[in-house]
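Convert by adding 74 to the 1-based position in the sequence shown; the result is the number in full-length UniProt numbering.
Working notes, structure below.
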Amino acid sequence: LDPLSVLRDAAAEFPPPPGKKFSYGTAGFRTDGSLLHSTVFRTGVLAALRSLKTEKVIGLMITASHNQEADNGIKVADPDGGMLTMDWEEYADIVANAGESNPLSKALEEMMNREDIHVGSSSGKVLLARDTRRSGPSLLEAARKGIEAVQGVIAEDKGILTTPQLHWMVRATNKGSVGSESDYFDTLSRAFRLLLDLGPSGVSEKGTLIVDCSNGVGAGKLTYLQETLKDLDMEIRNAGRDGEVLNYLVGADFVQKEKVLPQNFDATRDLGRRCVSIDGDADRLVYFYTGQSVNESKPVLHLLDGDKIMALFASFIADQLRSIVIVTDSAVGHETFAPLIPGYGAVKFGIVQTAYANGASTRYLQQNLGLEVVLTPTGVKYLHEKAAAYDIGIYFEANGHGTILFKESFVHWLKEDGDSLPAVEGRMAAKRLGAVSELVNQAVGDALSGILMVELILRYQGWSIEEWDTIYTDLPSRQLKVKVVDRSVITTTAAETRVKSIPELQEAIDNEVAKYEAGRAFVRPSGTEDVVRVYAEAATQELADKLAREVGLLVH
Ligand code: 16G
Ligand code: ZN
75 LDPLSVLRDA
85 AAEFPPPPGK
95 KFSYGTAGFR
105 TDGSLLHSTV
115 FRTGVLAALR
125 SLKTEKVIGL
135 MITASHNQEA
145 DNGIKVADPD
155 GGMLTMDWEE
165 YADIVANAGE
175 SNPLSKALEE
185 MMNREDIHVG
195 SSSGKVLLAR
205 DTRRSGPSLL
215 EAARKGIEAV
225 QGVIAEDKGI
235 LTTPQLHWMV
245 RATNKGSVGS
255 ESDYFDTLSR
265 AFRLLLDLGP
275 SGVSEKGTLI
285 VDCSNGVGAG
295 KLTYLQETLK
305 DLDMEIRNAG
315 RDGEVLNYLV
325 GADFVQKEKV
335 LPQNFDATRD
345 LGRRCVSIDG
355 DADRLVYFYT
365 GQSVNESKPV
375 LHLLDGDKIM
385 ALFASFIADQ
395 LRSIVIVTDS
405 AVGHETFAPL
415 IPGYGAVKFG
425 IVQTAYANGA
435 STRYLQQNLG
445 LEVVLTPTGV
455 KYLHEKAAAY
465 DIGIYFEANG
475 HGTILFKESF
485 VHWLKEDGDS
495 LPAVEGRMAA
505 KRLGAVSELV
515 NQAVGDALSG
525 ILMVELILRY
535 QGWSIEEWDT
545 IYTDLPSRQL
555 KVKVVDRSVI
565 TTTAAETRVK
575 SIPELQEAID
585 NEVAKYEAGR
595 AFVRPSGTED
605 VVRVYAEAAT
615 QELADKLARE
625 VGLLVH
């Protein structure tokens, strides 16, 4: 049977919605769930071909993360568990949009020729999972049909998972492990317990952690984790069990962007309690608490966003490294943290942020911790790539997506040679870092392992959430979105901090920013919405609001 005619016949069941154009973008394909069947089928085909090309297991996740319940989406996980390689995004667009002028079978044939893929001569596998959305089951079926329309490739349905679980499984499977869901929970639990054992004795957690699960998939998974661990006291809220709507007035994206409490949280009743919000597919987390502010009578929300989570992680990792290594002051006059391991060499430890990182966090990381900080454009794939270049690289977006990446050779050193370090503190620290590399998802940001990591460090430090919050004070900031006729006329450079395409606009922004104490502002076209985003920071909230407004006017 001709593989292309098999594909053509199977595709006939999923005609594309007329007049709709799809773009893979930073978040995969995402739109109203009822419009996605053809795109999901075709992405199934693409993933199957990617599996044949790489001779590895590929992942397909059906989710629209923090978007409204009616939306859905699909994203491909590459063999290492990371995002689909950027040079295949173009294929994804071509395949999704193929139609009368460029028929699907012709588009696929061209692509297979270019990539030298021969259907039928080898086998492949794609792991499939979905979140809790109503449109999930039928889309999953469409994806399965797409995968299995490619001869020799099988689909393995992993059921309802968080996005990071699916990415983790793809990575683990390709590394030769079982890579099952219970394997995932076992790995996290084992690492968590080991880290507790390796920590200071006599510390316990400061009160119950309250988790806002965004009425999404994370609720069930966290409940399971809690039962397995027994060592983590959590109160799960917004589990979506009584018909509450996914992502509606709840979740990490809502709390971080709106800076208000999610549903079922009360400023007075929950005063001072340690809270965390995750998003609909559990790949983001932000912490928060309510507390009395100095000049206001009612309690206010204190947000500990991705930047502050990263700062906590970075200081913990730096502490461990300090116990293991010789720290040298490399550059004269700079307090750069330059750890060196005899027999391994210089340990490259770096931090990756985007322009949205609060300026106070960047200053804390550079000046207080002496760490190297680099900026990349928005989007996990850019941050991940940069962080992977270090022996230990931490990346986080302010919105709460991030993780800690360990170079394999470094993990190998920790496990093989860490035990022969002369000092007991060094040996303990090497064990801790080894355990962190297991606890923290090496494929993508993961709210579950992120929570475990934060909770551990707070116990190590003996800190309450308020004490953690004081490591630095955020500069007041404001985000706005501006509707424009064509957002693509704005292109940016320097990790999105400067406008490239319209020099007069950048000049006008510079002139405006110069009027503000501690002012900083940038504009960029959104990758997920038809708007231009504005970000501003200044010494006071009033000034940050004003700067954002003025810059917004310049964009109009
Ligand atoms: C996507 C990105 C996220 C980024 C956001 C920005 C991934 C997996 N997700 O959700 O990292 O922060 O887009 O959206 O890369 P924007 O371009 O609309 O501001
Ligand atoms: Zn998400």
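Cβ atoms here follow ideal geometry from the backbone N, Cα and C, with glycine treated the same way.
In this text, all values refer to a predicted model and were calculated from it rather than measured experimentally.
> Heavy atom of the ligand 16G less than 8 Å from the Cβ of residue 69, yes or no?
Replying inline: Given that the chain is displayed from residue 75 to residue 630, the structure contains no residue 69 and the question cannot be resolved.
> Among all the DSSP beta bridges, which residues are the ones paired with Leu120?
Replying inline: If you number the sequence shown from 1, residue 120 lands on position 46. Its beta-bridge partners do not exist; DSSP assigns none.
> What whole-angstrom Cβ distance do Ala203 and Leu240 have, given they're in contact under 8 Å?
Replying inline: The residue labelled residue 203 in the question sits at position 129 within the sequence shown. The residue labelled residue 240 in the question sits at position 166 within the sequence shown. About 4 Å separates the two Cβ atoms, so the contact holds.
> Going by other Cβ atoms of all chains shown within 10 Å of its Cβ, with 16 needed for buried, is Gln615 buried or exposed?
Replying inline: Here residue 615 corresponds to residue number 541 of the sequence shown, with the count starting at 1. Exposed, since its Cβ has fewer than 16 Cβ neighbours within 10 Å.
>> Can you find the residues in the same chain that come closer than 7 Å, C-beta to C-beta, to residue 632, ignoring five residues on each side of it along the sequence?
In response: Summary: the structure shown does not reach residue 632, with the chain confined to residues 75 through 630, and so no result is reported for it.
> Does DSSP classify Asp106 as helix, strand or coil?
Replying inline: Looking up residue 106 in the sequence shown gives position 32. Secondary structure of Asp106 (DSSP, three-state): strand.
>> So the candidates are Leu488, Asp344, Thr567, Tyr322; which of them puts its Cα closest to the Cα of Thr364?
In response: Translated into positions along the sequence shown, residue 364 becomes position 290. Nearest option by C-alpha distance: Asp344.
>> Nearest by alpha-carbon distance to Gly476: which of Leu522, Pro550, Met502, Val498 is it?
In response: On the sequence shown, residue 476 is found 402 positions in, with the first residue counted as 1. When only C-alpha atoms are compared, the closest one is Leu522.
> When you compare each of Asp145, Gly276, Leu378, Thr297 to Asn321 by their alpha carbons, which one comes out closest?
Replying inline: Start at 1 with the first residue of the sequence shown, and residue 321 comes out as number 247. Of the candidates Asp145, Gly276, Leu378, Thr297, Asp145 places its Cα closest to the Cα of Asn321.
> alpha helix (DSSP H) containing Asp543: first to last residue?
Replying inline: Locating residue 543 in the sequence shown gives position 469, where the first residue counts as 1. If you look at Asp543, you'll find it in the alpha helix (DSSP H) that goes 539–543.
>> I need the residues with a C-beta less than 7 Å from some heavy atom of the ligand 16G; please give them in chain order.
In response: Those residues are Thr100, Ala101, Ser139, Met157, Thr452, Gly453, Val454, Lys455, Glu471, Asn473, His475, Ser600, Gly601, Thr602, Glu603, Arg607, given in chain order.
>> Taking its Cβ as the centre, do 16 or more other Cβ atoms sit within 10 Å of Thr428, making it buried, or is it exposed?
In response: Within the sequence shown, residue 428 is the residue found at index 354, counting from 1. It is buried - the Cβ of Thr428 has at least 16 other Cβ atoms within 10 Å.
> Distance, Cα to Cα, Ile132 vs Met157?
Replying inline: As a working mapping, residue 132 is identified with position 58 in the sequence shown. As a working mapping, residue 157 is identified with position 83 in the sequence shown. Straight-line measurement puts the Cα of Met157 at about 10 Å from the Cα of Ile132.
> How far does the beta strand (DSSP E) with Asn146 in it reach, from first residue to last?
Replying inline: The count along the sequence shown starts at 1 and reaches residue 146 at position 72. Taken as a continuous stretch (DSSP letters only), the beta strand (DSSP E) holding Asn146 covers 145–151.
> Thr137 by DSSP, collapsed to three states: which one?
Replying inline: Start at 1 with the first residue of the sequence shown, and residue 137 comes out as number 63. In this structure, Thr137 counts as coil in the three-state DSSP scheme.
> For the alpha helix (DSSP H) that Arg347 lies in, which residues bound it at each end?
Replying inline: For the purposes of this step, residue 347 is taken as the residue at position 273 of the sequence shown. Neither: Arg347 is in no alpha helix (DSSP H) and is coded neither H nor E.
> How big is the Cα-Cα spacing for residue 18 and Lys555?
Replying inline: Residue 18 is absent from the model: the chain starts at 75 and stops at 630.
> Leu445: which of Gly524, Leu81, Pro550, Phe387 sits nearest, CA to CA?
Replying inline: Position 371 of the sequence shown holds residue 445. Taking only the C-alpha atoms, the option nearest Leu445 is Phe387.
> Any chance the CB of Gly210 is under 8 Å from a heavy atom of the ligand NAD?
Replying inline: This structure does not include the ligand NAD; its bound ligands are the ligand 16G and the ligand ZN.
> Alpha carbon to alpha carbon, how far is Val252 from Gly155?
Replying inline: For the purposes of this step, residue 252 is identified with residue 178 of the sequence shown, where counting begins at 1. For the purposes of this step, residue 155 is identified with residue 81 of the sequence shown, where counting begins at 1. Spanning the two alpha carbons is a distance of roughly 14 Å.
> Counting pairs of Cβ atoms below 8 Å between the segment 504–524 and the segment 579–589, do you hit three or more?
Replying inline: No: the two stretches stay apart, fewer than three of their Cβ pairs being nearer than 8 Å.
> Do three or more CB pairs link the segment 263–280 to the segment 219–227 at distances below 8 Å?
Replying inline: The segment 263–280 vs the segment 219–227: no contact.
> Which class does Val606 belong to by DSSP, given the choice of helix, strand or coil?
Replying inline: As a first step, residue 606 must be located in the sequence shown, where it is residue number 532. Strand, per DSSP.
>> In the DSSP assignment, the alpha helix (DSSP H) including Asp161 goes from what residue to what residue?
In response: By 1-based counting over the sequence shown, the position of residue 161 is 87. Note, Asp161: alpha helix (DSSP H), 160–171.
> DSSP on Val252, reduced to helix/strand/coil?
Replying inline: For the purposes of this step, residue 252 is identified with residue 178 of the sequence shown, where counting begins at 1. Note: Val252 maps to coil in three-state DSSP.
>> In the DSSP output, which residue or residues are listed as bridge partners for Ile132?
In response: For the purposes of this step, residue 132 is taken as the residue at position 58 of the sequence shown. Looking at the DSSP assignment, Ile132 forms a beta bridge with Val200.
>> By the three-class DSSP mapping on this structure, what secondary structure does Glu309 have?
In response: Residue mapping note: residue 309 aligns to position 235 of the sequence shown, counting from 1. If DSSP states are grouped into helix, strand and coil, Glu309 belongs with the strands.
> First and last residue of the alpha helix (DSSP H) that includes Pro77?
Replying inline: Here residue 77 corresponds to residue number 3 of the sequence shown, with the count starting at 1. Here the alpha helix (DSSP H) through Pro77 covers 77–85.
> Under the criterion of a Cβ to heavy atom distance below 8 Å, does Asp520 qualify as lining the ligand ZN?
Replying inline: Here residue 520 corresponds to residue number 446 of the sequence shown, with the count starting at 1. Shortest gap from the CB of Asp520 to any heavy atom of the ligand ZN: 8 Å or more.
> Where does Arg623 land, buried or exposed, given buried means 16+ other C-beta within 10 angstroms?
Replying inline: Position 549 of the sequence shown, counting from 1, holds the residue named residue 623. The residue is exposed, with fewer than 16 neighbouring Cβ atoms inside 10 Å.
> Ends of the beta strand (DSSP E) at Glu230?
Replying inline: On the sequence shown, residue 230 is found 156 positions in, with the first residue counted as 1. In the DSSP annotation of this structure, the continuous segment of the beta strand (DSSP E) that includes Glu230 starts and ends at 227–234.
> What separation, rounded to the nearest whole angstrom, lies between the Cα atoms of Gly102 and Arg82?
Replying inline: Here residue 102 corresponds to residue number 28 of the sequence shown, with the count starting at 1. Here residue 82 corresponds to residue number 8 of the sequence shown, with the count starting at 1. Gly102 and Arg82 have their C-alpha atoms spaced approximately 23 Å apart.
>> Can you tell me whether Ala223 sits near the ligand ZN, meaning its C-beta is under 8 Å from at least one heavy atom of the ligand?
In response: What you label residue 223 is simply residue 149 of the sequence shown in a count that begins at 1. Incorrect: Ala223 has no Cβ contact closer than 8 Å to the ligand ZN.
> CB-CB under 7 Å to Ala84, same chain, minus the five flanking residues each way: which ones, in chain order?
Replying inline: Counting from 1 along the sequence shown, the entry for residue 84 is found at position 10. Result list for Ala84: Lys219, Ala223, in chain order.
> Can the beta-carbon of Phe411 be found closer than 9 Å to that of Ala392?
Replying inline: Working through the sequence shown from its first residue, we reach residue 411 at position 337. Working through the sequence shown from its first residue, we reach residue 392 at position 318. Contact: yes.
> Do the CB positions of Ala313 and Thr302 come within less than 9 Å of each other?
Replying inline: What you label residue 313 is simply residue 239 of the sequence shown in a count that begins at 1. What you label residue 302 is simply residue 228 of the sequence shown in a count that begins at 1. Taking 9 Å as the Cβ cut-off, Ala313 and Thr302 do not qualify as a contacting pair.
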